[in-house]
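> The structure's right below; bear with me while I get my questions together.
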Amino acid sequence: MSEKKTSGIKKFFDEFKAFAMRGNVLDMAVGVVVGSAFTAIVNSLVNDIISPIIGLFFNADFSDVVIQIGDVGIGVGSFLNAVINFLIVAFVLFVTIKAINMLHKKPVEAPKEPTTKKCPYCQSDIAIKAVRCPHCTSKLEGFPEAKQ
Numbered sequence: 001m002s003e004k005k006t007s008g009i010k011k012f013f014d015e016f017k018a019f020a021m022r023g024n025v026l027d028m029a030v031g032v033v034v035g036s037a038f039t040a041i042v043n044s045l046v047n048d049i050i051s052p053i054i055g056l057f058f059n060a061d062f063s064d065v066v067i068q069i070g071d072v073g074i075g076v077g078s079f080l081n082a083v084i085n086f087l088i089v090a091f092v093l094f095v096t097i098k099a100i101n102m103l104h105k106k107p108v109e110a111p112k113e114p115t116t117k118k119c120p121y122c123q124s125d126i127a128i129k130a131v132r133c134p135h136c137t138s139k140l141e142g143f144p145e146a147k148q
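Position one of the sequence shown corresponds to residue 1 (full-length UniProt numbering), numbered consecutively onward.
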């Protein structure tokens, strides 16, 4: 019976290995690591640069604002600080991603010259240089008769 358990455990770890090494899982892991590093950059930008600049103009610390109901204090100020901090982080993240997307903007391709046109008689698509329609054999206007 122990031989059956060993093969079951081996099968379980083989399945886990196959799951963990799939491309989607590895891509997600890389995304999480890069995302956490990017979060550190955005938080530093907000906490070390943006918030002090805002602090020069406004006293944005509401952490002392508390609503007292009986013996319980409701920290409305801490909540307001969290909301303000979220809005600042969201705005900085929006501007940063918008700037990055502008760097990766693809150039607009010039429109390609048409290679087909419509036969005025049968409305079939034909080659742009055709003198006669291959579908209805009509002679197309504006082209001289082909010389033999």
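Positions of the beta carbon are idealized from the N, C-alpha and C atoms, including for glycine.
1) Using a threshold of 8 Å, state whether the C-beta atoms of residue 104 and residue 119 are closer than that.
2) Note down the Cα distance separating residue 40 from residue 94, rounded to an integer number of angstroms.
3) With a threshold of 8 Å on Cβ separation, who are the neighbours of residue 148 within its own chain once the five nearest residues in sequence on each side are excluded?
4) What residue does the beta strand (DSSP E) around residue 72 start on, and which one ends it?
5) Return helix, strand or coil for residue 125, following the three-state DSSP convention.
6) Per DSSP, residue 100 forms a beta bridge with which residues?
7) Given a cut-off of 8 Å, decide if residue 81 and residue 57 are closer than it, judged by their beta-carbon atoms.
8) Assuming residue 92 and residue 26 form a contact by the criterion Cβ under 8 Å, report the distance between their Cβ atoms to the nearest whole angstrom.
9) State the DSSP-derived secondary structure class of residue 105, mapped to helix, strand or coil.
10) So, at 6 Å on beta carbons, what are the nonlocal neighbours of residue 73 in its own chain, with the 5 sequence-adjacent residues on each side left out?
11) Pick from 137, 38 and 28: whose alpha carbon is nearest that of residue 96?
12) With DSSP run on the structure shown, which of helix, strand or coil describes residue 118?
13) For my contact list, residue 42 and residue 89 are in at a C-beta cut-off of 8 Å; report their separation, rounded to the angstrom.
14) Under a Cβ-count criterion, where at least 16 other Cβ atoms within 10 Å of its own Cβ denotes burial, should residue 122 be classed as buried or exposed?
15) Looking at the structure shown, is residue 10 part of a helix, part of a strand, or coil, going by DSSP?
Answer, in terms of the structure:
1) As a position in the sequence shown, residue 104 is number 104, starting the count at 1. As a position in the sequence shown, residue 119 is number 119, starting the count at 1. The answer is no: Cβ separation not under 8 Å.
2) Your numbering for residue 40 matches position 40 in the sequence shown. Your numbering for residue 94 matches position 94 in the sequence shown. Rounded to the nearest angstrom, the two C-alpha atoms are 15 Å apart.
3) The sequence position of residue 148 within the sequence shown is 148, counting from 1. No answer about residue 148 holds up, because its pLDDT of 45 lies below 50 and its placement is not dependable.
4) Indexing the sequence shown from 1 puts residue 72 at position 72. Note, residue 72: beta strand (DSSP E), 72-74.
5) Against the sequence shown, residue 125 aligns to sequence position 125. Note: residue 125 maps to strand in three-state DSSP.
6) What you label residue 100 is simply residue 100 of the sequence shown in a count that begins at 1. None, per the DSSP bridge assignment.
7) Within the sequence shown, residue 57 is the residue found at index 57, counting from 1. Within the sequence shown, residue 81 is the residue found at index 81, counting from 1. Between residue 57 and residue 81, the C-beta gap is not smaller than 8 Å, which leaves the two residues out of contact.
8) Taking the first residue of the sequence shown as 1, we reach residue 92 at position 92. Taking the first residue of the sequence shown as 1, we reach residue 26 at position 26. By a beta-carbon distance limit of 8 Å, residue 92 does not contact residue 26. Their separation comes to about 29 Å.
9) On the sequence shown, position 105 is the one that residue 105 refers to. When secondary structure is reduced to three states using DSSP, residue 105 falls in the coil class, being assigned neither helix nor strand.
10) Along the sequence shown, one-based indexing puts residue 73 at 73. Cβ within range, chain order: 66.
11) If you number the sequence shown from 1, residue 96 lands on position 96. Comparing Cα positions, the closest option is 38.
12) Indexing the sequence shown from 1 puts residue 118 at position 118. DSSP places residue 118 in the strand class (E or B) of the three-state scheme.
13) Within the sequence shown, numbered from 1, the residue matching residue 42 stands at position 42. Within the sequence shown, numbered from 1, the residue matching residue 89 stands at position 89. Sure, about 6 Å apart at Cβ, within 8 Å.
14) Residue 122 sits at position 122 when you count from the first residue of the sequence shown. Answer is exposed; the Cβ neighbour count stays below 16.
15) Counted from its first residue, the sequence shown places residue 10 at position 10. In this structure, residue 10 counts as helix in the three-state DSSP scheme.
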